[in-house]
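Structure first, then comments.
Number of protein chains: 2
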Amino acid sequence: MTDTNLTVEHAVRGLDGSYTTNWEAVLANRTGRMTSSMIRETLKMMATPGMISFGGGNPAPELFPLREFQEACRYVLEHDGPSSLQYSVTEGFPPLRQFLVEKMRKYGVPAEQENILIVNGSQQALDLVGKVFINPGDTILTDRPTYLGAIQAWSAYEARFVTVPLDDDGTRVDQVEKILEREPVKFIYCLPNFHNPAGVTLSLERRRKLVEIAAHHGVFIVEDDPYGELRFEGEDITPIMVLHKENTIYLSTFSKTLAPGIRIGWIVAPAKVLGRLVQAKQGADLHTSSFVQMVANDICQRGFLRQHVRRIRDTYRERCGVMLASMEKHFPSEVRWTHPQGGLFLWVILPKGMDSMELLKSALEEKVAFIPGPAFYPDGSGKHTFRMTFATASPEMIEEGIRRLGKVIKSQMTGKP
Amino acid sequence: MTDTNLTVEHAVRGLDGSYTTNWEAVLANRTGRMTSSMIRETLKMMATPGMISFGGGNPAPELFPLREFQEACRYVLEHDGPSSLQYSVTEGFPPLRQFLVEKMRKYGVPAEQENILIVNGSQQALDLVGKVFINPGDTILTDRPTYLGAIQAWSAYEARFVTVPLDDDGTRVDQVEKILEREPVKFIYCLPNFHNPAGVTLSLERRRKLVEIAAHHGVFIVEDDPYGELRFEGEDITPIMVLHKENTIYLSTFSKTLAPGIRIGWIVAPAKVLGRLVQAKQGADLHTSSFVQMVANDICQRGFLRQHVRRIRDTYRERCGVMLASMEKHFPSEVRWTHPQGGLFLWVILPKGMDSMELLKSALEEKVAFIPGPAFYPDGSGKHTFRMTFATASPEMIEEGIRRLGKVIKSQMTGKP
């Protein structure tokens, strides 16, 4: 053997004849677009004693139904036995899919089991949508800001993002129209209810207009609705999937109503689209844990969710109210913010020229944290914005955290400590 | 608005002005390479009463440790409380990663926590490897036959496959060398222990030769080892990762030792590679279920696996023995098969010209099932071969199933019923 066949760029040879793979050289091109989530990295930083964190997207852990999980685990292992630990079908556990069929119908979304795929949280739904629809260079239309998990999932398929701004009624649909007239778009991604990160809700009038424009241009919509059930103010608004029938892929999750650590979400899609998503999931991980699906199904079938969601709403309503009142009291008048009707998040807009990354550094010194806006902009802009969650801290801690943050913002604005 | 902007190929407009997305036209190119697993489709067919199925890759369900799962669920929910249901880090639950560090070290593989990523079964490991390394058109070197889940996962990233045959000592390593001299290969995929589907084991001499060739050509190896612990005959052989140090990505799973329905596998890789895989997993589904990881960890930490794996080995040794003896008795002398030293599978080679798909049709009428060979060939060849598992049927059922199958093979060979 001679050395002539060594693919030099793929490996580095040492003087002793040993070789080491040049891992950077063998990576797929798409890895150049992969990033670690700024949130997940920031969260590690935030886990210090005494920190009041408005970062993260965790639901309130004191509301997790531990007793119901205890009962369901015991029941499933006793009654379903080995089948709860065996391989199962990719589509998901049929009784849980049937539960979701009925849940979706109550929500106005017509569905059969053939329209439902169980996935590992809605992050996997986003990944599978990317895998099935995005060619490198395809353009996806999103809000700015938008959910950073979607940016992360679709960047890995080398998507391009074109964005429209939000206002208090959600997506600026007039600007969607301009973009669709100008360039081809693969699909529109929207978060109609209690937007992550912006906390705003798309009005019914705008939903109708968005669907009209999408239909006119023959573009389908990916409707991401993880927080829809967590409305604590006002009336439910018709889902886009109801208005846009066969041309929408709807995503949701148990992460914010039951618990995120079980990793169960679902996709509702036209049957032929679902078949493609099932194929993609089969190659990705065969199926979501049979055991966890059966446990979640047991809790759902007992009718527990309805009362539990009411309790979550009450808690978040109170905490959101405290946060808004505290901001009114402690934030300078030049700062603006959104007024959510549900969900977990609100959005803060600082005077232009301010930098939320800089602000975070000072805030961490005062032991209060949030997520800087640029994480939610595909192009990294939005420097003068940030996201806060009102879901996890107690009312007292919210008041105290906002007081600290108000102090930091003021000192940043005046340039004085 | 006029109709001129309708992206015609992406949507079909009805006479009433309504439109329907032309879903076939909006699919990503990679979907052309996605297929449903023949196994998973065939399994549905096989689930009829009275069927003796040697298809599927399910471990024996009567060995699942239900009582240990009961105890672990109770313990985790009581002692770890809400954190078992909350979001957690992408890398995996640290105590479980530490358990795997020690497990890998006992196996001879040097590892630290920074080398371990917990995934949803080893199918997700295959998918993440594809996502991080495969550009469309990249060539992957595999055995023929090879694990069909790998073909499925990597086809979705538009890989090309180049294959080498197997014999009783595993991969024909001499042919690997010829291929590497001829063309660039991204990586070599191998299943050294109790190959799925072939049931053969790569000898130490061939492992050394394979590593030497791979090093010479600067190619890394993906070592898939889901069955390594299930050796019921002979001595353990040094893992490739031990021989090929920094140039191997090692995959394994709890699916065959604990239970597949929990969907927990792991990747061992050089730290910088692991970082890329973590990024890819973050976009794919954030993390594997915290709850299930903590339950698996609890069972593992109690030292249960060691004795349990011994029980699984004893059961599979007996069943494999019965299957081999029954084949000796009932199969025509022209048929050949492999003699596994572990794992779940053996491989049958019919006389050339016979067709295992045709054979399956007749076999199903006699209520006995297996998986035809072409499912395991990237190019769909291998018509005169099939895979059987000895793991799930009782010794009596194995004897009866092989008797039925022998009858079907004989009648197919003579052309007489």
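If you read the sequences in order, they're chains V and R. Mapping the first sequence onto my numbering, position 149 (from 1) lands on 166, and the numbers just tick up by one. Mapping the second sequence onto my numbering, position 162 (from 1) lands on 179, and the numbers just tick up by one. Every residue, glycine too, gets a C-beta built ideally from N, C-alpha and C.
According to DSSP, is residue i helix, strand or coil?
i: V:VAL385; result: strand
i: R:VAL236; result: coil
i: R:GLY360; result: coil
i: R:ARG441; result: For chain R, the structure presents residues 18 to 434; residue 441 of chain R sits outside this window and is missing.
i: R:ARG280; result: coil
i: V:VAL425; result: helix
i: V:LEU134; result: strand
i: R:GLY187; result: strand
i: V:SER70; result: strand
i: V:ASP160; result: strand
i: R:THR65; result: coil
i: R:THR48; result: helix
i: V:VAL285; result: strand
i: R:THR431; result: helix
i: V:VAL365; result: strand
Going by DSSP, what residue range makes up the beta strand (DSSP E) through residue i?
i: R:ALA89; result: That residue, R:ALA89, is in no beta strand (DSSP E); its alpha helix (DSSP H) goes 83-96.
i: R:LEU183; result: 177-184
i: R:PHE116; result: Run containing R:PHE116: none in the beta strand (DSSP E); it sits in the alpha helix (DSSP H), 111-123.
i: R:ILE266; result: 265-270
i: R:ILE254; result: Neither: R:ILE254 is in no beta strand (DSSP E) and is coded neither H nor E.
i: R:THR13; result: Chain R is shown only over 18 to 434; residue 13 of chain R falls outside these bounds and no answer can be derived.
i: V:TYR206; result: 204-207
Can you tell me where the alpha helix (DSSP H) with residue i in it begins and where it stops?
i: V:PHE321; result: 321-347
i: R:PHE407; result: First-last for R:PHE407: undefined, no H or E at that position.
i: R:ASP144; result: 138-150
i: R:PHE308; result: 307-318
i: V:ASP191; result: 190-199
i: R:VAL295; result: 288-302
i: V:ALA170; result: 165-172
In angstroms, rounded to a whole number, what distance separates the CA positions of residue i and residue j?
i: V:GLY292; j: V:GLY423; result: 51 Å
i: V:LEU32; j: V:ARG421; result: 58 Å
i: R:PHE348; j: R:TRP354; result: 10 Å
i: V:LEU145; j: V:LEU294; result: 6 Å
i: V:VAL239; j: V:VAL179; result: 15 Å
i: R:CYS337; j: R:ARG330; result: 10 Å
i: R:THR19; j: V:TYR394; result: With a pLDDT of 40 at R:THR19, under the threshold of 50, the modelled position of this residue cannot be trusted, and the question is left open.
i: V:THR48; j: R:ALA297; result: 8 Å
i: R:VAL290; j: V:LEU165; result: 23 Å
i: V:LYS346; j: V:ALA313; result: 42 Å
i: V:PHE387; j: V:PRO66; result: 16 Å
i: R:ILE76; j: R:THR332; result: According to the sequence shown, residue 76 of chain R is Pro rather than Ile. The alpha-carbon atoms of R:PRO76 and R:THR332 are separated by roughly 11 Å.
i: V:ALA286; j: V:THR255; result: 17 Å
i: V:GLU200; j: R:THR37; result: 20 Å
i: R:VAL435; j: V:MET430; result: The question about residue 435 of chain R has no answer here: the residues shown for chain R are numbered 18 through 434.
i: V:GLY125; j: R:GLY154; result: 44 Å
Identify, in the order they occur along the chain, each residue of the same chain with its Cβ nearer than 6 Å to the Cβ of residue i, setting aside the five sequence neighbours on each side.
i: R:ILE316; result: GLU85, ALA89
i: R:LEU377; result: PRO389
i: V:HIS261; result: VAL228, ILE238
i: R:GLY432; result: none
What do you reckon, is the C-beta of residue i under 7 Å from a heavy atom of the ligand MN?
i: V:ASN152; result: For the ligand MN, the structure offers nothing, since it holds no ligand at all.
Among residues of its own chain, excluding the 5 on either side of residue i, which ones have a beta-carbon nearer than 7 Å to its beta-carbon?
i: V:VAL236; result: LEU197, VAL202, PHE204, ILE205
i: V:ASP97; result: MET311
i: V:ASN39; result: GLU26, HIS27, ALA28, VAL29
i: V:GLN130; result: PRO111, ARG114, GLN115, VAL118
Which same chain residues, not among the five before or five after residue i, have their C-beta less than 8 Å away from its C-beta?
i: R:ASN22; result: Low confidence applies here, because R:ASN22 scores a pLDDT of 45, under 50, leaving its location unreliable; read the following figure in that light. Answer for R:ASN22: no residue qualifies.
i: R:LEU303; result: TYR104, THR107
i: V:GLN140; result: GLY166, ALA170, GLY282
i: V:PRO368; result: GLU351, VAL352, HIS401, MET430
*Determine contact between the region 88-102 of chain R and the region 69-86 of chain V, defined as no fewer than three beta-carbon pairs at a distance below 8 Å.*
yes
*Between the region 124-136 of chain V and the region 276-287 of chain V, do at least 3 Cβ pairs fall closer than 8 Å?*
yes
*Three CB pairs or more closer than 8 Å across the region 323-341 of chain V and the region 157-166 of chain R*: no
_Any contact between the region 173-190 of chain R and the region 208-222 of chain R? By contact I mean 3 or more CB pairs, one from each, below 8 Å._
yes
*Three or more beta-carbon pairs under 8 Å between the region 166-177 of chain V and the region 115-130 of chain V, yes or no?*
no
_At least three beta-carbon pairs within less than 8 Å, the region 392-406 of chain V to the region 243-253 of chain V_ = no
*asked:* Check whether the region 369-376 of chain R and the region 254-270 of chain R are in contact - that is, three or more C-beta pairs closer than 8 Å.
replied: no
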